[in-house]
Each structure stands twice: as C-alpha cells, then as structure tokens.
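Read through the structure below, which is laid out as structure tokens, and then see the notes.
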Amino acid sequence: MMKMKIMTLANHITVVRILLIPVFVLFAVYYGRSIADGRPEEWLRIASIIVFITASVTDMLDGWVARKFGQMSRVGAVLDPIADKGLLLTALITLTFSKWTYAFPLWFLVLVIARDIVIMTGCLVVKHLNGKLEVRPSLIGKTATATQMVALAWVMLQLPGHLYPIYAAGAFTLLSGLGYVLDGVSQLRHHDTPHA
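Numbering-wise (our numbering), the sequence shown opens with residue 233 and increments by one.
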C-alpha cells in the first residue's frame, strides 16, 4: 500500500536524479562546443559520463530503498517515471543535436518520441473507453529501454560502430511500440466482448 508521506528517502533520491539532468546537459553541450572549436576537452565528456552513470544508479537505488524500507508513495509513483523518461529523452536530445564526434541520427530521436506519444495517447483512449487501464510491462519494452541505454553508453564512450547499437535499439523501440498498441487493442476488444 502506498503511504501518504511526501518526501521519503526514496523520493529524495529520485529528486537528485532529476537535478542531475541539467548538469549532464551542461557538460555534454560544452563538450560538443569544444569539439566544434577544434579543441576537444575530454574532461567534459568524462564528466558527462560520470553524471549520467550516477543518475542511472539512482534509478535502481530509489526503487530498492522504496521496497526495502516500505517507502512506496504516490509522489514516488509520479516522480520516478518523470525522472526516468526525463533522463533518457534529455540525453537523446542532447546527443542528437550537440557536436559530439559520434551522435544519434535524428530519425532515432523521432522514433523514440513518436512511440511514447502513441503509448500515452493509447493509454488515454483505453482508459476513456474501458473505464480502466491494465498496465502490463512487457519484456520487449524492457529490452527496448535496455538497448537504448546501451546505445547511449556506446555514443558517450565514443566507441566505433556506434550505429549498430542504435539500429538494434531502434528495432526494439519500434517493436515495443507495436506490442503496446496490440495490447491496447486487446484490452478494448476484451471489454467489448459480451460475457456469457
């Protein structure tokens, strides 16, 4: 059962993750500018990576703290997905438009955002028509998120062949979007089916 206490330790950790997002952007953008100026300052890239890893670790930590110490809360249920999606999308946007040596192609960013819009719209439609919505996380959805994180790490580490993990992440992102659409259609059909 979710508790009414607003700022638990788990929620504080989530807030730290949100606050780290602009710090990551600052380091990443200035690193891109240093490349554009012909004087790459590698410490900025390393700082970007450290901040991103720290933020990612807090994602696992706040969930563990919430479960371990019974700090599940409505505030946390709202803040956590905002922090997760905020970190992921901000990193993708930054590494698409900044001048890093390796960057994300624009189509990948469009695909990720389009999938999220389709999913959110679908959730609203199902909730409106059914009166309820069953949120069922899928393996392919988790795989899509994992491959997106791998692609982000690959680009930030400036490893060769960065397009391969991006293509893989793009494929899983598309498949997961289709999977959620089919799940939504299934819920609508199940709701419309008369019971004997």
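Ideal Cβ placement from N, Cα and C applies to all residues, glycine included.
All values derive from a computational prediction rather than experimental measurement.
CA-CA distance, Pro-392 to Ala-400, rounds to 15 Å.
In this structure, Thr-405 places its C-beta atom within 7 Å of the C-beta atom of Arg-347. In this structure, the alpha-carbon of Arg-306 lies about 23 Å from that of Ser-370.
In the DSSP secondary-structure assignment, Ser-280 is not bridged to any residue. Inter-segment contact for the region 331 to 340 and the region 260 to 267 is present: three or more beta-carbon pairs are separated by less than 8 Å. Put simply, the backbone Cα of Phe-259 is about 19 Å away from that of Lys-317. If you draw a straight line from the Cα of Cys-355 to the Cα of Asp-294, it comes to about 26 Å. Check the Cα spacing between Asp-291 and each of Ser-280, His-244, Tyr-263: the tightest is with His-244. For the alpha helix (DSSP H) assignment, the uninterrupted runs of no fewer than 4 residues enclosed by the region 328 to 383 are, from N- to C-terminal side, 338 to 362. Around the beta-carbon of Leu-389, fewer than 16 other beta-carbon atoms lie within 10 Å, marking it exposed. Within the model, the alpha-carbon separation for Phe-284 versus Ile-398 is close to 18 Å.
Within the same chain, and ignoring the five residues on either side of Ile-281 in sequence, the residues whose Cβ sits closer than 6 Å to its Cβ are Met-388. At the C-beta level, Lys-374 and Leu-365 stay beyond 7 Å of one another. The beta carbon of Val-257 sits closer than 8 Å to the beta carbons of Thr-322, Thr-326 from its chain, once the five residues preceding and following it are set aside; these are given in chain order. For Phe-256, the enclosing alpha helix (DSSP H) covers residues 241 to 268.
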